[in-house]
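Chemist:
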Ligand code: 13P
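Residue numbers (this note's numbering): 1 to 256.
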């Protein structure tokens, strides 16, 4: 891993996959394959909402964190189909993905909504993974850094220094998600460095050094080690490969 003291963090984002039986089985297998690594690496899994409770039971007292893929920022009320932070707390959720690229680009969530969700999560005492990343068109137009800094700055608006201790950033270039095209390690490291500098500008060099930045986008058991050797990369947010407990465990080991 890196030469810094940041504890690596690997998340498994299951997206809209699994059914009840396979979600429980996968969680069980992940406990067996990764349970012994939680002292050296923070590990979270993000199942679909309907399976959070069953997966939470399976995780039991193991230190693998239960995560949610999204949340709504209002505490309760007439918001059909939405889920509140309190509902997630009731199910022992510890960490929530905010602003995932599929929510930005498929569900069309905007910067203000993403910022409201992040603030609600932090005010509820939960941890968050704020996702940022450029599309292929933006990369080709030379806008990568500008897009990441802009998503980061608007996402973190009104987040305090103290709350930053519970925020992880995931850099997920949209063109690398689910495509098998992984970012070159130099490109990922450069994006991470820009994001870290931006956190330093928004808060302080100290907060920037403490904040973990995960890479996400076609991470698998084969490419993880090379990516995680970059000192700027503090672990990964894994989609497809997190549905296989063996691959997921290999990725966790690569992060340690
Ligand atoms: P893949 O690992 O399937 O590319 O997905 C990455 C991702 O979106 C994780 O949140």
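Glycine included, every Cβ here is placed at the ideal spot set by N, Cα and C.
What you are looking at is a predicted structure, and each value in this text was computed from that prediction instead of being measured.
Would you grab the beta carbon distance between residue 219 and residue 227 for me? Rounded to a whole angstrom, and I think it's under 8 Å.
Modeler: 7 Å
Chemist: Under the DSSP definition of a beta bridge, which residues are partnered with residue 12?
Modeler: 45, 238
Chemist: Just the C-alpha distance for residue 45 and residue 249, rounded to the nearest angstrom, thanks.
Modeler: 12 Å
Chemist: Count the other CB atoms, across all protein chains shown, that sit within 10 Å of the CB of residue 225; report buried if there are 16 or more and exposed otherwise.
Modeler: Label assigned to residue 225: exposed.
Chemist: Would you mind working out which of 17, 166, 192, 117 sits nearest residue 104, comparing C-alpha positions?
Modeler: 117
Chemist: Would the beta-carbon of residue 169 fall within 8 Å of that of residue 211?
Modeler: yes
Chemist: With DSSP run on the structure shown, which of helix, strand or coil describes residue 213?
Modeler: strand
Chemist: Is the beta carbon of residue 177 within less than 7 Å of some heavy atom of the ligand 13P?
Modeler: Yes, the Cβ of residue 177 comes within 7 Å of a heavy atom of the ligand 13P.
Chemist: Taking just the CA atoms, how far does residue 251 sit from residue 33?
Modeler: 11 Å
Chemist: Given that a residue counts as buried once 16 or more other Cβ atoms are within 10 Å of its Cβ, and exposed if not, what is residue 3?
Modeler: Note that residue 3 has pLDDT 45, beneath the 50 cutoff, so the model's placement of it is unreliable and no number is given.
Chemist: At which residues does the beta strand (DSSP E) containing residue 68 begin and terminate?
Modeler: Per DSSP, residue 68 belongs to the beta strand (DSSP E) from 65-68.
Chemist: Have a look at residue 18 and residue 112 and give me their C-alpha separation to the nearest angstrom.
Modeler: 31 Å
Chemist: Could you compute how far the alpha carbon of residue 1 sits from the alpha carbon of residue 221?
Modeler: Low confidence applies to residue 1: its pLDDT is 40, below 50, so where it sits in the model is not reliable enough to give any reading.
Chemist: When you compare only the Cα positions, how much space is there between residue 192 and residue 199?
Modeler: 11 Å
Chemist: Tell me which residues share the same chain as residue 174 and place their Cβ nearer than 6 Å to its Cβ, disregarding the 5 neighbours each side in the sequence.
Modeler: 101, 133, 135
Chemist: Quick one: grab the DSSP three-state call for residue 252.
Modeler: Correct three-state label for residue 252: helix.
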